[in-house]
Amino acid sequence: MSFSLLRSVVSKSLQGKAGFIKLPCVPQGSQPLIMRLKQTEAAPKEETRPTVRKSSLDAVAHSQLKDFGKYVAECMPKYVQKVQITSGEELEILIAPEGVIPVLQFLKDNHNSQFTNIVDIAGVDVPSRAYRFEVVYNLLSLRYNSRIRVKTYTDELTPLDSSCEVFKGSNWYEREVWDMYGVFFQN
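In this text, residue positions in the sequence shown follow my numbering: the first is 2, and each later residue adds one.
As structure tokens, this is what we get:
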């Protein structure tokens, strides 16, 4: 029905114009092909239970990830405050705000890590905390095909050291965090 209405409107507006190609003649009672296909095919049943991502790491890989987290904590005890493995099976390191440059430089240059790419920098605002802003650095090691998340914290007035001297590409990400949350970066 809608096809024939469209056809009549288009044909009336374009009548008498040069180069007009007429639409094929469709009988009034016929439906467009898509409507016929929708009626003949059975719709798939929707999944009613949530999907849970299965663990992609075996026990050995999980143990190696945990050992690497301990290794980083032992190498940088002044800055690393907490190491954990997230539900997405990525290593997450919480560091002190003054440790941004040393920890990122260590993760980039150390032979056992080689996290040479910064994927992004994200900001999190939790107004109920004293240090309400959390800044999250997501790094990628192409050599070992692994990711790591480095988190730190700050308040409204205290600037963080800029990671641009370690990762040149972090300039844009830091600008976005400043624009969105007002987190200051120095240097």
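Just so you know, even glycine gets a beta-carbon here, dropped at the ideal spot from N, CA and C.
Are the Cβ atoms of Tyr-182 and Asp-156 separated by less than 8 Å? Counting from one through the sequence shown, the residue named residue 182 turns up at place 181. Counting from one through the sequence shown, the residue named residue 156 turns up at place 155. Result no, Cβ atoms of Tyr-182 and Asp-156 do not sit closer than 8 Å.
Could you tell me which residues DSSP pairs with Leu-95 in its beta bridges? Here residue 95 refers to the residue found at position 94 of the sequence shown. DSSP output for Leu-95 lists Lys-83 and Lys-152 as bridge partner(s).
Over what stretch of residues does the beta strand (DSSP E) that includes Glu-135 continue unbroken? By one-based count along the sequence shown, residue 135 stands at place 134. Its beta strand (DSSP E) spans residues 134-142.
Name the one or two DSSP bridge partners that Ala-123 has. For the purposes of this step, residue 123 is taken as residue 122 along the sequence shown, with counting starting at 1. Val-137.
Taking one C-beta from the stretch 70-77 and one from the stretch 86-95 each time, how about it: are there three or more such pairs within less than 8 Å? yes
Verify whether the separation of the beta carbon atoms of Ile-102 and Glu-166 is less than 8 Å. What you label residue 102 is simply residue 101 of the sequence shown in a count that begins at 1. What you label residue 166 is simply residue 165 of the sequence shown in a count that begins at 1. In this structure, Glu-166 lies closer than 8 Å to Ile-102 by Cβ.
Could you tell me which of Glu-99, Thr-49 and Ala-60 sits nearest to Leu-161, measuring between CA atoms? Sequence index remark: in the sequence shown, residue 161 carries index 160 (1-based). Nearest of Glu-99, Thr-49 and Ala-60 to Leu-161, Cα basis: Glu-99.
Should Tyr-145 be labelled buried (16 or more other beta-carbon atoms within 10 Å of its own) or exposed? Residue mapping note: residue 145 aligns to position 144 of the sequence shown, counting from 1. That one is exposed.
Looking only at its chain, what residues have a beta carbon closer than 8 Å to the beta carbon of Ile-122, apart from the 5 residues adjacent to it on each side? Taking the sequence shown and counting its residues from 1, one reaches residue 122 at position 121. Here the set comprises Val-136, Val-137, Tyr-138, Asn-139, Ser-164, Ser-171, Tyr-174, Glu-175, Glu-177 and Val-178.
Within 8 Å, strictly: CB atoms of Ser-1 and Phe-116: Lying before the first or after the last residue shown, residue 1 is absent from the chain, which here runs from 2 to 188.
Entirely enclosed alpha helix (DSSP H) segments - the stretch 153-182, minimum 4 residues: 171-182
Cβ of Phe-134 within 8 Å of Cβ of Val-184? One-based indexing of the sequence shown puts residue 134 at position 133. One-based indexing of the sequence shown puts residue 184 at position 183. Yes.
Between Val-125, Ser-88, Val-61 and Met-77, which lies nearest to Tyr-154 when the distance is taken from Cα to Cα? Residue numbering aside, residue 154 sits at position 153 when the sequence shown is read from its first letter. Looking at the Cα atoms, Val-125 is the closest of the given residues.
Enclosing alpha helix (DSSP H) for His-63 [first to last residue]: By 1-based counting over the sequence shown, the position of residue 63 is 62. Segment 60-76, the alpha helix (DSSP H) holding His-63.
Do the CB positions of Ile-149 and Leu-108 come within less than 8 Å of each other? By 1-based counting over the sequence shown, the position of residue 149 is 148. By 1-based counting over the sequence shown, the position of residue 108 is 107. The answer is yes: Cβ separation under 8 Å.
Could you tell me the alpha carbon to alpha carbon distance between His-112 and Val-61, rounded to whole angstroms? Walking along the sequence shown from the start, residue 112 turns up at place 111. Walking along the sequence shown from the start, residue 61 turns up at place 60. The alpha-carbon atoms of His-112 and Val-61 are separated by roughly 21 Å.
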